Structures are given as C-alpha cells and as structure tokens.
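In our numbering, the protein residues as written are 79 to 190.
Think of the CB as a built atom: it goes at the ideal place given N, C-alpha and C, for glycine as much as any other residue.
Quick caveat: nothing in here was measured; it's all calculated off a predicted structure.
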Amino acid sequence: MRSASGTKPSDDPANVPVLAAMELLGQRWTLRVLWELAPGRLGFLELRRRMDNCSSSMLSVRLQHLQGAGLIVKNADKSYELTSAGTELGSALEGVWAWSRRWEASITEPDG
Numbered sequence: 079m080r081s082a083s084g085t086k087p088s089d090d091p092a093n094v095p096v097l098a099a100m101e102l103l104g105q106r107w108t109l110r111v112l113w114e115l116a117p118g119r120l121g122f123l124e125l126r127r128r129m130d131n132c133s134s135s136m137l138s139v140r141l142q143h144l145q146g147a148g149l150i151v152k153n154a155d156k157s158y159e160l161t162s163a164g165t166e167l168g169s170a171l172e173g174v175w176a177w178s179r180r181w182e183a184s185i186t187e188p189d190g
C-alpha cells in the first residue's frame, strides 16, 4: 500500500510506533494473553489452563515479553495483570471482538 505521495507506510517515520505495535501484537499468543488478563489478575497456572493449546514454556516467554513491553506486570503474589498501557490496549481489543462477531461466518470458515 502506498500513500498519495508514492511512499510506503513503512517509509514514513510517523508510522514507526504503529509498525512496532503490529510487530509486538502479531506475535503468537500475545493478544490472547491480553484478552485473558483484561477482566483482572490471574496466576500462571490459571492462564495456562485457559490457554490449553499454549505450552508452559511459550506462555512464560510471552509473559516475559509483555512485561518488557510494559503491557503487564507480575505482582508479588506471582499473579499477572495489565498495566495502564495494557488496559488501554484491552479497550482496543473490544473493537476486535465486535468486528469478529460481525464477521464470524467468514472468519471461522476453513480456508475462509
């Protein structure tokens, strides 16, 4: 996709933050972790139980990465919760949820 000036969006310095966000959010399990933590804090075992297709090692890596990005925090009781940045992103996920409900038939079809 090119802008009216003929440059790619990735060439525009103003787009650096959104490209970095896409890179972070596009990593497997990232959005799912944020979605699961949106209602409130959870311990590792509860997160793992809710994300039964995600291995413990992958979940650990993802949690560490999200902590490093400032989206979640690990509490003294070893539970995880969203930071203010993560909570704000959780609000954006509500839009994705609404979109997914509207387009459910086309996005859940095999090869769809």
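Asked: Per-residue burial, Ile-185 [other beta carbons within 10 Å of its own, 16 or more giving buried]; Found: exposed
Asked: Rounded distance between the beta-carbons of Tyr-158 and Arg-126, thought under 8 Å; Found: Wrong, their Cβ atoms sit about 11 Å apart, outside the cutoff.
Asked: Burial state of Arg-106 (16 or more Cβ within 10 Å); Found: exposed
Asked: Separation of Leu-171 from Glu-182, as counted between CA atoms; Found: 16 Å
Asked: At least three beta-carbon pairs within less than 8 Å, the segment 99-113 to the segment 136-154; Found: yes
Asked: Nearest-angstrom Cβ-Cβ length linking Gly-164 and Leu-149, presumed shorter than 8 Å; Found: 4 Å
Asked: Backbone CA spacing between Gly-168 and Lys-152 [nearest angstrom]; Found: 17 Å
Asked: Alpha-carbon to alpha-carbon, Leu-102 and Thr-85; Found: 24 Å
Asked: Cβ separation of Ala-99 and Leu-160, assumed to be a contact under 8 Å, to the nearest whole Å; Found: Ala-99 to Leu-160, Cβ: 15 Å. No contact.
Asked: Rounded C-alpha distance that separates Ser-178 from His-143; Found: 26 Å
Asked: Boundaries (first-last residue) of the beta strand (DSSP E) holding Ser-157; Found: 157-160
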